[in-house]
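First the structure, in the form of structure tokens, and then the observations on it.
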Amino acid sequence: MDVVLGAYKVGAKNVTAIDIQKPAAFEKEIEAAKALGAKIMYPCFTERVTEEGVYLSNGTLLKANSVVIAIGDRTDLSFMPDEFLNERKQPVLNEFNQCVNVNNVFFAGDSIRQGLFCDGIGQGRGAALNIDRFLSEKPLQAYISKNKIKPNEVKDAYYKTLKKSEVCALDTLNEKDRCLSCAGCRDCKMCLTSCPRGAIERVEFQNADGTTAFAYISDEKKCIGCGICSGVCPCGIWTMKSQLEG
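Have a look at this one:
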């Protein structure tokens with residue numbers, strides 16, 4: 003369905019999608035493709051692709067100016083030695099995403115399970131941190147994902163979009179300064195400085211591993227529910243809740 007939508011975006015007039023079974027896509031994605039005029043056919047078995055188009059095994063010719071072969075996005079780990087995988091060709095991992103049988107190998111992203119791009123980034127970061135700990139002979143840590151927030155609570159007002167040429171020229175260390183509204187507090191202190199009643203306090207504390215962490219806390223006795231903190235927070239951390247919601 004991504005190919006179908008992409009084809010229409012680049013100017014295709016008529017798009018036909020064929021599959022050997024019902025497309026493995028969310029129903030809303032299929033409906034979105036149909037709404038654009040796409041014709042979805044299944045089960046169809048391709049015999050050959052020629053300059054005329056696609057010939058199906060039953061002799062039907064689907065005329066086409068362009069043919070895009072979408073091979074799917076299921077991870078293929080068949081190239082890996084058996085000691086990395088179970089009988090279903092999936093990696094055998096512990097809670098650190100570390101290979102059980104070969105402890106100097108870590109996995110992340112779609113090699114573990116299909117997910118979002120941001121999930122892969124998070125798992126990659128966790129793997130990198132644990133590789134550093136492994137090489138330093140320190141205990142590994144299980145990195146827990148932060149609670150997800152509702153899409154309508156994420157703000158992109160502070161996110162500066164960049165052209166491709168600008169991204170290539172950007173210093174990697176400065177990338178962290180571009181807020182991605184990722185629901186993780188970036189310690190910008192905007193809520194702290196904008197609260198008219200001084201109800202918000204920034205506190206620091208020690209984690210179990212000795213590292214320093216911080217948190218922003220709202221004093222219920224001072225807060226008047228004005229919503230300014232929620233409005234200025236670029237990451238969706240502060241949200242307003244009705245008293246009826248508890």
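Count the sequence shown with the working numbering and you get residues 3 to 248, in order. Ideal Cβ placement from N, Cα and C applies to all residues, glycine included.
Find the nearest neighbour of residue i within the set the options, judged by alpha-carbon distance.
i: Pro45; options: Cys120, Leu95, Ser59, Leu38; result: Ser59
i: Cys197; options: Glu222, Glu29, Leu175; result: Glu222
i: Asp21; options: Leu63, Cys228, Ile71, Leu38; result: Ile71
i: Ser68; options: Asp78, Gly55, Thr77; result: Gly55
i: Glu97; options: Ile114, Leu79, Gly238; result: Ile114
i: Pro236; options: Thr174, Lys191, Val205, Cys228; result: Lys191
i: Arg188; options: Gly111, Gly238, Ile123; result: Gly238
i: Gly186; options: Ser167, Phe207, Ala9, Ala215; result: Ala215
i: Lys226; options: Glu203, Arg199, Gly212; result: It is Ile, not Lys, that sits at residue 226 in the sequence shown. Closest option to Ile226, Cα to Cα, is Arg199.
For residue i and residue j, I'd like the C-alpha separation in whole angstroms.
i: Gly61; j: Arg50; result: 10 Å
i: Val5; j: Val107; result: 34 Å
i: Val102; j: Ala210; result: 25 Å
i: Lys30; j: Ile230; result: 36 Å
i: Pro25; j: Lys11; result: 20 Å
i: Ala217; j: Arg135; result: 25 Å
i: Leu131; j: Ser138; result: 11 Å
i: Gln143; j: Val205; result: 24 Å
i: Ala14; j: Leu38; result: 11 Å
i: Val234; j: Gly124; result: 25 Å
With H, G and I counted as helix, E and B as strand and the rest as coil, what does DSSP make of residue i?
i: Gln125; result: helix
i: Cys193; result: helix
i: Val51; result: strand
i: Gly248; result: Here Gly248 scores only 48 on pLDDT, less than 50, and its place in the model is too uncertain to base an answer on.
i: Glu206; result: strand
i: Ala215; result: strand
i: Cys95; result: Looking at the sequence shown, residue 95 is not Cys but Leu. Leu95: strand per DSSP, three-state reduction.
i: Leu175; result: helix
Does the beta-carbon of residue i, which I'm using as the reference point, lie nearer than 8 Å to any heavy atom of the ligand SAH?
i: Ser196; result: What this structure holds is no ligand at all, so the ligand SAH is not there to describe.
CB-CB under 8 Å to residue i, same chain, minus the five flanking residues each way: which ones, in chain order?
i: Val104; result: Glu85, Phe86
i: Ala19; result: Met3, Val5, Val6, Pro25, Ala35, Ala40, Lys41, Ile42, Met43
i: Ile32; result: Met3, Pro25, Ile42
i: Ala110; result: Asn99, Gly122, Gln125, Gly126, Gly128, Ala129
Between residue i and the rest of its own chain, which residues show a CB-CB distance below 6 Å, the 5 nearest in sequence each way excluded?
i: Gly128; result: Tyr145
i: Ala9; result: Val17
Near residue i, what residues of its chain come up, given a Cβ to Cβ distance below 7 Å and the 5 sequence neighbours on each side ignored?
i: Asn88; result: Val94
i: Leu63; result: Glu54, Gly55, Tyr57
Sequence ranges, alpha helix (DSSP H) only - wholly within the segment 98 to 146, length at least 4: 119 to 137
Whole alpha helix (DSSP H) elements within the segment 10 to 84, 4-residue minimum: 29 to 37
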